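Some notes on the structure that comes next.
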Amino acid sequence: MATLINTLWEGVRYRGGVGHWAYQFHRLAGIATLLFLAIHILDTATVYFFPSLYQHAIELYRSTPFMLGEIALVAGVLYHGLNGLKIIVFDFWPQLWTHDREVKTTWAVMIATFFLWLPAAIWMGNSLVQCNFLNVCGG
Amino acid sequence: MTATTSSPTLRKAAVPRTFDTWAWLFMRWSGLALLPLAWGHVLLQDVIVGVHRIDLNYAAWRWSFIGWQIYDVALLGFAFAHGMNGLRYVVNDYFHTEGLRKTLNWAIFIAWLVITAIGGIAIFGSRVANAGLTFDRGDEVVGFGVTVGNSGTTSLAIVGAVIVIVALAFLTLRRGKK
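Line order of the protein sequences matches chains A and B. Residue 1 is where the first sequence starts when you use this note's numbering, and the numbers rise one by one after that. Residue 1001 is where the second sequence starts when you use this note's numbering, and the numbers rise one by one after that.
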């Protein structure tokens, strides 16, 4: 246990710069998405196994904390995808992989993530406010 | 900065192909396939349709199309295996006791197998379980002008495009290796 805590703490403390943060965010987004995915597969499976329970699962997803989590999930999935694409390119064409490009592409990934996430977040935030606070849900 | 520090020296070494070689390759190819599959799924279900318009009738209606069944089974297979293998990497990095590591690896393998089977059975069994439901969603717009009636074909086109992209990328890379 002491080794695990030490390893995790060193992962935060390590001063590896931008590339290190890209790696840590990649893991964090990946694990968070996997946790959601496991729950999501099981609750969606009620459509076959226990159809009467599906509505209860959907009610949970419609609650404000879950909808906020959904907006965060979109950011994680976008970042993990774009950063993963960066990893694929550098892994298959290692001659392209220089420190300078690692730093520049990491910033590009973070900026692109933000601008892809922003319209989705506004759209989802809008339906959150309309459905859960103003009771004027479209559809 | 001199040339020796700015460009890495590349040398080729014979690497034996182990399970982890295939796992490494799988992470890259499945990652590529998941860009359209997972982003498309999130864009459609979470952003365009939204959780407030999803109910049992919607979910069962979606799985009445072979196109969405194939799309969802591809998404399930790639995404969950990608995620569980990623979890295996994380566990092997952070847990240093051999016995504990072995137990956790087995737990990950069994969880992957069981949850994938549950998801797959649900996708293909839904038609039987919800045979009593009627779907009257003909003119309902799913997004980008796609209506319910033609969305099964649209999903097949997306899956087809994904297969073509991955196959082309694979062929290009194999040629580059020679």
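For every residue, glycine included, the Cβ atom is placed at its ideal position computed from N, Cα and C. These numbers were taken from a predicted model, which means no experiment stands behind them.
Cβ neighbours of residue i in the same chain (closer than 6 Å, five flanking residues each side left out)
{"i": "G139 (chain A)", "result": "Note that G139 (chain A) has pLDDT 48, beneath the 50 cutoff, so the model's placement of it is unreliable and the number below is only indicative. Same-chain partners within the cutoff: there are none."}
{"i": "T64 (chain A)", "result": "N132"}
{"i": "A32 (chain A)", "result": "G76"}
{"i": "T105 (chain A)", "result": "K86"}
{"i": "Y1071 (chain B)", "result": "S1155, V1159"}
Same chain only: Cβ atoms within 8 Å of residue i, ignoring 5 sequence neighbours per side
{"i": "V1166 (chain B)", "result": "W1029, L1032, A1033"}
{"i": "M1027 (chain B)", "result": "H1082, N1085, G1086"}
{"i": "P1036 (chain B)", "result": "I1158, A1161, V1162, I1165"}
{"i": "W1061 (chain B)", "result": "L1133, F1135, R1137, V1148"}
{"i": "F25 (chain A)", "result": "Y79, N83"}
{"i": "V1015 (chain B)", "result": "T1021"}
{"i": "G17 (chain A)", "result": "V103"}
Cross-chain neighbours of residue i in chain A, by beta carbon under 8 Å
{"i": "R1017 (chain B)", "result": "None at all; the shortest Cβ gap to chain A is about 16 Å."}
{"i": "W1039 (chain B)", "result": "V77, L78, G81"}
{"i": "A1129 (chain B)", "result": "V47, Y48, F49, P51"}
{"i": "S1126 (chain B)", "result": "V47, Y48"}
{"i": "I1115 (chain B)", "result": "A38, I41, L42"}
{"i": "V1166 (chain B)", "result": "Ordered by position in chain A, no residue passes the 8 Å Cβ test against V1166 (chain B), which lies about 12 Å from the chain."}
Within chain A, the residues that residue i reaches when beta carbons sit closer than 7 Å
{"i": "D1020 (chain B)", "result": "Per Cβ cutoff of 7 Å: no residues; D1020 (chain B) is ~14 Å from chain A at best."}
{"i": "A1079 (chain B)", "result": "L37"}
{"i": "F1095 (chain B)", "result": "L4"}
{"i": "V1090 (chain B)", "result": "R27, I31"}
{"i": "G1031 (chain B)", "result": "G84, I88"}
{"i": "I1054 (chain B)", "result": "I58"}
{"i": "G1050 (chain B)", "result": "S127"}
Within chain A, the residues that residue i reaches when beta carbons sit closer than 9 Å
{"i": "R1213 (chain B)", "result": "The question about residue 1213 (chain B) has no answer, for chain B in this structure spans 1001 to 1178."}
{"i": "R1190 (chain B)", "result": "The displayed coordinates of chain B run from 1001 to 1178. Any statement about residue 1190 (chain B) would go beyond what the structure contains."}
{"i": "L1087 (chain B)", "result": "G30, I31, L34"}
Close-in-space but distant-in-sequence residues of the same chain around residue i (CB under 7 Å, 5 per side omitted)
{"i": "W117 (chain A)", "result": "V74, A75, L78"}
{"i": "L60 (chain A)", "result": "F66"}
{"i": "G30 (chain A)", "result": "H80"}
{"i": "A1169 (chain B)", "result": "L1032"}
{"i": "H1041 (chain B)", "result": "L1075"}
{"i": "A1038 (chain B)", "result": "L1075, A1079"}
{"i": "S1064 (chain B)", "result": "R1127, F1135"}
Run of the alpha helix (DSSP H) containing residue i, from where it starts to where it stops
{"i": "P1016 (chain B)", "result": "From DSSP, P1016 (chain B) is part of no alpha helix (DSSP H); its letter is neither H nor E."}
{"i": "S63 (chain A)", "result": "Run containing S63 (chain A): none; DSSP gives neither H nor E here."}
{"i": "N135 (chain A)", "result": "No alpha helix (DSSP H) contains N135 (chain A), which DSSP labels as neither H nor E."}
{"i": "Y1071 (chain B)", "result": "1066–1094"}
{"i": "G1125 (chain B)", "result": "1098–1129"}
{"i": "H26 (chain A)", "result": "18–44"}
{"i": "R1053 (chain B)", "result": "Run containing R1053 (chain B): none; DSSP gives neither H nor E here."}
{"i": "R1137 (chain B)", "result": "R1137 (chain B) -> no alpha helix (DSSP H), and no H or E assigned at all."}
Anticipated Cβ contact below 8 Å, residue i with residue j, distance rounded
{"i": "I71 (chain A)", "j": "M124 (chain A)", "result": "5 Å"}
{"i": "G47 (chain A)", "j": "A1059 (chain B)", "result": "Strictly speaking, residue 47 (chain A) in this sequence is Val, with Gly absent from that position. The pair is a contact, with the Cβ atoms about 5 Å apart (cut-off 8 Å)."}
{"i": "A112 (chain A)", "j": "L82 (chain A)", "result": "6 Å"}
{"i": "I1118 (chain B)", "j": "L35 (chain A)", "result": "About 16 Å separates the two Cβ atoms, so there is no contact after all."}
{"i": "Y1094 (chain B)", "j": "L8 (chain A)", "result": "7 Å"}
Neighbour list for residue i in chain B, Cβ cutoff strictly below 8 Å
{"i": "T44 (chain A)", "result": "A1059, G1119, A1122"}
{"i": "E70 (chain A)", "result": "D1046, V1051"}
Neighbouring residues, chain B, relative to residue i (Cβ below 7 Å)
{"i": "T7 (chain A)", "result": "Y1094"}
{"i": "V74 (chain A)", "result": "V1042, D1046"}
{"i": "Y61 (chain A)", "result": "V1051"}
Proximal chain B residues relative to residue i, where beta-carbon distance stays under 9 Å
{"i": "Y23 (chain A)", "result": "Neighbours of Y23 (chain A) on chain B: none; closest Cβ ~11 Å, over 9 Å."}
Open item on the list: At a CB distance below 7 Å, what residues from the region 100–127 of chain A approach chain E? Give them in sequence order.
Closed with: Of the protein chains in this structure, namely A and B, none is chain E.
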